[in-house]
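The listed protein sequences correspond, in order, to chains A and B.
Per numbering that gives the first Met the number 0, the very first residue in the first sequence carries number 0; after that it's consecutive.
Per numbering that gives the first Met the number 0, the very first residue in the second sequence carries number 0; after that it's consecutive.
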Amino acid sequence: MTANMMKYTRYILLTILMSIGLLWAQTEFDLKAFADSTKYGWQDYLQRSDYREDLLARQNMLQLYELEALSVKESFLKSAVIPGWGQFSTKRYTRATVILSLELVSVMSAIYFHDQAMTNHDMYESATQIDDINHYYGEAQTPYQYSLMALGFGAVVWAYNLYDVIISANEYNEDLWRDIVKRRSAAPLQVTPDGLELRF
Amino acid sequence: MRYLAAILILFSLFACSLKRNNPLDPNGNPDIIVPGEVSGITANAFGTGSDTRYVRLEWVSNNPYNTDGYYIYRSLGYYSAYAVVDTVMHAAGSPIQSYVHSSASDPSVSPGDYWYRVSAFKSYPAGDLEGRNSTPVFVRISN
Numbered sequence: 000m001t002a003n004m005m006k007y008t009r010y011i012l013l014t015i016l017m018s019i020g021l022l023w024a025q026t027e028f029d030l031k032a033f034a035d036s037t038k039y040g041w042q043d044y045l046q047r048s049d050y051r052e053d054l055l056a057r058q059n060m061l062q063l064y065e066l067e068a069l070s071v072k073e074s075f076l077k078s079a080v081i082p083g084w085g086q087f088s089t090k091r092y093t094r095a096t097v098i099l100s101l102e103l104v105s106v107m108s109a110i111y112f113h114d115q116a117m118t119n120h121d122m123y124e125s126a127t128q129i130d131d132i133n134h135y136y137g138e139a140q141t142p143y144q145y146s147l148m149a150l151g152f153g154a155v156v157w158a159y160n161l162y163d164v165i166i167s168a169n170e171y172n173e174d175l176w177r178d179i180v181k182r183r184s185a186a187p188l189q190v191t192p193d194g195l196e197l198r199f
Numbered sequence: 000m001r002y003l004a005a006i007l008i009l010f011s012l013f014a015c016s017l018k019r020n021n022p023l024d025p026n027g028n029p030d031i032i033v034p035g036e037v038s039g040i041t042a043n044a045f046g047t048g049s050d051t052r053y054v055r056l057e058w059v060s061n062n063p064y065n066t067d068g069y070y071i072y073r074s075l076g077y078y079s080a081y082a083v084v085d086t087v088m089h090a091a092g093s094p095i096q097s098y099v100h101s102s103a104s105d106p107s108v109s110p111g112d113y114w115y116r117v118s119a120f121k122s123y124p125a126g127d128l129e130g131r132n133s134t135p136v137f138v139r140i141s142n
């Protein structure tokens, strides 16, 4: 058998198979079932319309949520730059104030003690008398350790702030969703899957 | 809270120390020898009634291994500020060192009450390292 004959035979077989498949598919397609509007539980056109309204309302809620929800990543980055900033965005003002204050106090203490340590260390470096050398070194070492402790405390607060902002952002988003649902349910005119509902 | 305290304590325990980078600090430089404290100081005033008054100080010689010279300080009170009035080099081979503070060379040697103290120093390329100050001694220069 030549190569050309092999090629033609393959095409013919493929065409036959496709034709059979189409015919079979045609017989399986149930147009009536496809067009049946009651298959989703709708009994008539009005019910279908109500469902559509309900669906649109839910979509609106979701859009509202997406607009107002906070990005956890963004809040995290904010708090990484300025501790407490992310918490302010999530409207956790007390937490944010406490974190920011603690961070400021620890950083400022670290700077203050470091400055004090460096002043005494400069005097130690220029001292030529043995008592002065020992005295100024001791005077420099104590505030230096305080500055490291303050810096360490600042680092702990900063790390906690990053952990806290993730929780705060998630809590904020959960509260937001609950609020949107509550707002919707508080509206006097409701579109429900069972029809329109008017509350007084 | 317990964890926070533990972290803080660990941090302070492992906190780095400041550098002992003073070239005269014996703790950072094992080659540095600290001069010994000067002892046995006596101070006597002379020249009462004459134009030239002077105070003669004497003290026990330090070991030349740790001493190249001495700073002489004077003050108007025991706890007041002391000022260096002179520097004297260590006289080798003598058990007693001495210094004369005379009005001939320093007009401030005038009648009054004074406190003198002495400290030893040792010279290094980075400068002179001064040892501990001696106990001050009192001297009165009369008219």
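Cβ atoms here follow ideal geometry from the backbone N, Cα and C, with glycine treated the same way.
In this text, all values refer to a predicted model and were calculated from it rather than measured experimentally.
Span separating the alpha-carbon of residue i from that of residue j
i, j, result
"G73 (chain A)", "W157 (chain A)", "Note that residue 73 (chain A) is Glu in the sequence shown here, rather than Gly. Rounded to the nearest angstrom, the two C-alpha atoms are 16 angstroms apart."
"C148 (chain B)", "D121 (chain A)", "Only positions 0 to 142 of chain B appear in this structure, which leaves residue 148 (chain B) out of reach."
"S122 (chain B)", "H113 (chain A)", "33 angstroms"
"A2 (chain A)", "F28 (chain A)", "40 angstroms"
"L22 (chain A)", "W176 (chain A)", "51 angstroms"
"P110 (chain B)", "A109 (chain A)", "53 angstroms"
"Y78 (chain B)", "W114 (chain B)", "9 angstroms"
"I81 (chain A)", "V97 (chain A)", "13 angstroms"
"T66 (chain B)", "T141 (chain A)", "32 angstroms"
"D35 (chain A)", "Q42 (chain A)", "10 angstroms"
"A79 (chain A)", "S125 (chain A)", "40 angstroms"
"V54 (chain B)", "G46 (chain B)", "9 angstroms"
"I95 (chain B)", "D131 (chain A)", "27 angstroms"
"V84 (chain B)", "A44 (chain B)", "16 angstroms"
"D53 (chain A)", "L12 (chain A)", "52 angstroms"
"D178 (chain A)", "M107 (chain A)", "40 angstroms"
"P25 (chain B)", "N142 (chain B)", "46 angstroms"
"V99 (chain B)", "Y143 (chain A)", "45 angstroms"
"L45 (chain A)", "F33 (chain A)", "19 angstroms"
Residue nearest to residue i in terms of C-alpha spacing, selected from the options
i, options, result
"V180 (chain A)", "A:T37, A:D49, A:A34, A:Q58", "A:Q58"
"G153 (chain A)", "A:A34, A:A32, A:V104, A:N169", "A:V104"
"Y92 (chain A)", "A:Y44, A:S167, A:S184", "A:S167"
"G68 (chain B)", "B:V138, B:Y2, B:G126", "B:G126"
"L17 (chain B)", "A:S184, A:A95, A:Y136, A:Y171", "A:Y136"
"S70 (chain A)", "A:D178, A:R182, A:V164, A:S184", "A:V164"
"T89 (chain A)", "A:N169, A:D35, A:N119, A:I11", "A:N169"
"S93 (chain B)", "B:P124, B:Y81, B:N61, B:V136", "B:N61"
"Y159 (chain A)", "A:D178, A:R94, A:N133", "A:R94"
"R183 (chain A)", "A:L61, A:Q42, A:T14", "A:L61"
"E36 (chain B)", "B:N132, B:I140, B:V136, B:S141", "B:N132"
"D112 (chain B)", "B:V84, B:P34, B:V136", "B:V136"
"I140 (chain B)", "B:V33, B:R19, B:I31, B:V108", "B:V108"
"A119 (chain B)", "B:P25, B:P29, B:Y2, B:V33", "B:V33"
"L101 (chain A)", "A:L55, A:G151, A:L63, A:E65", "A:G151"
"I31 (chain B)", "B:R19, B:A42, B:T41", "B:R19"
Minimum Cβ-Cβ distance from residue i to chain B less than 9 angstroms
i, result
"A109 (chain A)", "no"
"S125 (chain A)", "yes"
"A56 (chain A)", "no"
"H120 (chain A)", "yes"
"Q128 (chain A)", "yes"
"Q86 (chain A)", "no"
"Q115 (chain A)", "no"
"Q140 (chain A)", "yes"
"L101 (chain A)", "no"
"I132 (chain A)", "yes"
"L61 (chain A)", "no"
Cβ shell of residue i (< 8 angstroms), same chain only, five flanking positions each side left out
i, result
"T51 (chain B)", "S101, S102, A103"
"A143 (chain B)", "An answer regarding residue 143 (chain B) cannot be provided, because it is not within the stretch 0 to 142 covered by chain B."
"L161 (chain A)", "F75, S78, A79"
Beta-carbon proximity list for residue i, same chain, < 7 angstroms, skipping 5 on both sides
i, result
"N21 (chain B)", "G27"
"L214 (chain A)", "Past the boundaries of the shown model lies residue 214 (chain A); chain A is included only from 0 to 199, so the question cannot be answered."
"A68 (chain A)", "N172, L175"
Neighbour flag for residue i against chain A, beta carbons, 9 angstroms
i, result
"R55 (chain B)", "no"
"R19 (chain B)", "yes"
"N62 (chain B)", "no"
"S16 (chain B)", "yes"
"N43 (chain B)", "no"
"N65 (chain B)", "no"
"L75 (chain B)", "no"
"S118 (chain B)", "yes"
"G149 (chain B)", "Since the first residue of chain B shown is 0 and the last is 142, residue 149 (chain B) is not available in this structure."
"G68 (chain B)", "no"
"V37 (chain B)", "no"
"D24 (chain B)", "yes"
Anticipated Cβ contact below 8 angstroms, residue i with residue j, distance rounded
i, j, result
"V138 (chain B)", "W58 (chain B)", "Not really, about 14 angstroms apart at Cβ, beyond 8 angstroms."
"T86 (chain B)", "Y70 (chain B)", "6 angstroms"
"L23 (chain B)", "T127 (chain A)", "6 angstroms"
"S97 (chain B)", "L128 (chain B)", "23 angstroms between Cβ atoms; not a contact."
"I129 (chain A)", "G39 (chain B)", "20 angstroms between Cβ atoms; not a contact."
"A116 (chain A)", "A139 (chain A)", "5 angstroms"
Proximal residues to residue i (C-beta, below 6 angstroms), its chain only, five neighbours per side dropped
i, result
"Y145 (chain A)", "F112"
"G85 (chain A)", "S74, K77, S78, V164"
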